[in-house]
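Protein chains in written order, with my numbering: chain A, 1200 to 1479; chain B, 67 to 326.
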């Protein structure tokens, strides 16, 4: 048993064991609060209903807005809603609370990277959300609102959503790391969430923004969290007058994930030196 | 009455003092509260900027509805809507018991200790948006202003009703902060002209859950084109408050504690 403990194969097995244990523990922990999560079954469709009425009224005076038809814009909002259930993340809040309360010190003693642990927690949390939030709302949209929620290409849609899932985690985790400098990061968190949702296309399709804004948004990483997975799901990508093939966009998304991972590594390297905790 | 006002002022003072321990975070949070409320108006701006519109309504008329809605939130959220998070937090931590043994009504105590200074950002945002919209619209007459003020006070009544329901839910649904999302999703209907919704939905938002009173109805009065069922909505708003109080008292009686 001890002889092979440092072999790469054993390290991988160990990481898989950690992943399974953390995912299961988080799943069970949150399953106790599944009714909290199930609020989405009400909130998602009601919020969506408002959008349906707004856009129906808007399109009653014309056929297209910014090149999008009514059907396309309604589908966009439907897809955004369900993708958000899959990629939702609270790593920023969790980490800043651990730092603020000093409980983070216990993680420095554990033989596991906190980032990896937090990622596994997210997997467990979203696994629960899959049947409590995603599937019921998906069926509601499909059967009640009659929205086409079948991805244009399942393979690319799954890859893009997975990359969006990882990118959302890394970005939020980096915000959590700022807790090493700021201790209480509530304001910064809110500011970031606001900026992220606005620039990721959660509020409106990014093509509705004025031209110069679209050009800025094209070079920001936020579009890769929601806008890109949504457009990949629908089967076409366009922003700032630039249309790109789906594999190319997904490749860019993968690039954004790698860059964000390097940013996380750098922030962690600088931030961890500042942490002090007593007792906790 | 004077002692009640003194108590509320003391609550505000304490709330501000506590929040000032992290001044920079407070300022950022208040600013973000202001900005986050501009998602609705931004959507309106983008719609009109793309040469589309909500039929029968100009951009500034829609922005006025949203400004009034924000103004109503800007007053209610700092000064009494805090009963929601205050109740949720106290019930979850077990400190709700402390309010039960005070020589004042539980509701008053929960309002006083629930002052939320960060939400003052909403008030500033509401004032700014309403001011900008009014500047671009024809000046309302005295009668419009009087009708608006009366209806705006009733919008606060509806807000209070919502706060009571959500706080009541917080007693029986421990630690569920997502009740705010329930409110936000429903309240969205009050941010737009009722005419864009179907007839049945218009009936719901004026005669069942009077969310139209939160923004649309007072703003319509100020614009000089009052909603046809305004009087009916006013009566329903008071009935809504009564039902909310009943709900709050019922859930309060159901409160059980393990001692904190």
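Ideal placement from N, C-alpha and C gives every residue a C-beta, glycine not left out.
Based on Cα-Cα distance, which residue from the options lies nearest to residue i?
i, options, result
"residue 139 of chain B", "B:220, B:127, B:90", "B:220"
"residue 273 of chain B", "B:116, B:126, B:224, B:104", "B:224"
"residue 1445 of chain A", "A:1331, A:1432, A:1328", "A:1432"
"residue 319 of chain B", "B:184, B:308, B:166, B:180", "B:166"
"residue 1419 of chain A", "A:1319, A:1358, A:1463, A:1370", "A:1370"
"residue 1251 of chain A", "B:132, B:310, B:267", "B:267"
"residue 1171 of chain A", "A:1402, A:1439, A:1206", "As displayed, chain A neither begins before 1200 nor continues past 1479, which places residue 1171 of chain A out of reach and without an answer."
"residue 1480 of chain A", "A:1306, A:1299, A:1207", "Past the boundaries of the shown model lies residue 1480 of chain A; chain A is included only from 1200 to 1479, so the question cannot be answered."
"residue 74 of chain B", "B:186, B:146, B:112, B:228", "B:146"
"residue 1341 of chain A", "A:1210, A:1234, A:1441, A:1276", "A:1276"
"residue 249 of chain B", "A:1207, A:1304, A:1291, A:1239", "A:1239"
"residue 236 of chain B", "B:68, B:209, B:155, B:304", "B:155"
"residue 1475 of chain A", "A:1457, A:1312, A:1305, A:1321", "A:1305"
"residue 309 of chain B", "B:292, B:232, B:289", "B:232"
"residue 130 of chain B", "B:263, B:301, B:256, B:316", "B:256"
"residue 263 of chain B", "A:1256, A:1244, A:1227, A:1211", "A:1256"
"residue 1348 of chain A", "A:1279, A:1303, A:1221, A:1206", "A:1279"
"residue 316 of chain B", "B:151, B:114, B:126, B:173", "B:173"
"residue 127 of chain B", "B:144, B:246, B:247, B:203", "B:203"
Express the C-alpha separation of residue j and residue i in angstroms, rounding to a whole number.
i, j, result
"residue 1397 of chain A", "residue 70 of chain B", "42 Å"
"residue 1344 of chain A", "residue 1269 of chain A", "13 Å"
"residue 1263 of chain A", "residue 277 of chain B", "30 Å"
"residue 1216 of chain A", "residue 1385 of chain A", "33 Å"
"residue 216 of chain B", "residue 284 of chain B", "8 Å"
"residue 332 of chain B", "residue 1308 of chain A", "Residue numbering for chain B in the displayed model covers 67 to 326; residue 332 of chain B lies beyond these limits and cannot be assessed."
"residue 296 of chain B", "residue 211 of chain B", "15 Å"
"residue 270 of chain B", "residue 306 of chain B", "13 Å"
"residue 1383 of chain A", "residue 88 of chain B", "8 Å"
"residue 371 of chain B", "residue 226 of chain B", "There is simply no residue 371 of chain B to check, as chain B begins at 67 and stops at 326 in what is shown."
"residue 1458 of chain A", "residue 1361 of chain A", "16 Å"
"residue 1321 of chain A", "residue 76 of chain B", "42 Å"
"residue 1258 of chain A", "residue 118 of chain B", "8 Å"
"residue 79 of chain B", "residue 92 of chain B", "15 Å"
"residue 214 of chain B", "residue 1312 of chain A", "58 Å"
"residue 1142 of chain A", "residue 1421 of chain A", "Any question about residue 1142 of chain A goes unanswered here, given that chain A covers just 1200 to 1479."
"residue 116 of chain B", "residue 124 of chain B", "14 Å"
"residue 1243 of chain A", "residue 279 of chain B", "23 Å"
"residue 1241 of chain A", "residue 251 of chain B", "9 Å"
"residue 254 of chain B", "residue 1468 of chain A", "43 Å"
"residue 1453 of chain A", "residue 1323 of chain A", "23 Å"
"residue 1287 of chain A", "residue 68 of chain B", "48 Å"
Per DSSP, residue i forms a beta bridge with which residues?
i, result
"residue 1437 of chain A", "A:1442"
"residue 151 of chain B", "In DSSP, residue 151 of chain B forms no bridge with anything."
"residue 1264 of chain A", "A:1267"
"residue 123 of chain B", "B:120"
Does the ligand COA have a heavy atom nearer than 7 Å to the CB of residue i?
i, result
"residue 1314 of chain A", "The model on display carries no ligand, and the ligand COA is accordingly not part of it."
TODO: Take every Cβ of the segment 1412-1420 of chain A, pair it with every Cβ of the segment 1342-1356 of chain A, and state whether three or more of those distances are shorter than 8 Å.
DONE: no
- [ ] Give the residues from the segment 1387-1399 of chain A that approach chain B closer than 7 Å (Cβ to any Cβ), ordered along the chain.
- [x] 1387, 1389, 1390, 1393
TODO: Would you check if there are 3 or more beta carbon pairs closer than 8 Å linking the segment 1442-1456 of chain A to the segment 1420-1427 of chain A?
DONE: yes
- [ ] Closer than 7 Å, Cβ to Cβ, to anything on chain A: give me those residues from the segment 167-190 of chain B, in chain order.
- [x] none
Open item on the list: Please list, in chain order, the residues of the segment 89-106 of chain B that have any C-beta partner in chain A closer than 7 Å.
Closed with: 91, 94, 95, 98, 101, 102, 105
TODO: Using a Cβ-Cβ cut-off of less than 7 Å, list which residues of the segment 1237-1260 of chain A approach chain B; keep chain order.
DONE: 1238, 1241, 1242, 1245, 1246, 1249, 1252, 1253, 1256, 1257, 1259, 1260
Task: Residues from the segment 1397-1417 of chain A in contact with chain B, defined by Cβ distance under 8 Å - done: Within the segment 1397-1417 of chain A, 1397, 1402, 1403, 1407, 1408, 1409 place their CB atoms closer than 8 Å to a CB of chain B, listed in sequence order.
Open item on the list: For the pair the segment 101-111 of chain B and the segment 187-196 of chain B, tell me if three or more CB-CB distances fall below 8 Å.
Closed with: yes
- [ ] Answer yes if the segment 1319-1337 of chain A comes into contact with the segment 1221-1241 of chain A, meaning at least three C-beta pairs across the two stretches below 8 Å, and no otherwise.
- [x] With the cut-off at 8 Å, the segment 1221-1241 of chain A and the segment 1319-1337 of chain A touch.
Task: contact_flag[the segment 1312-1330 of chain A, the segment 1241-1256 of chain A] where n(CB pairs < 8 Å) is 3 or more - done: no
Task: Residues, ordered as in the chain, of the segment 1259-1274 of chain A that lie near chain B by beta-carbon distance below 7 Å - done: 1259, 1260, 1261, 1264, 1265
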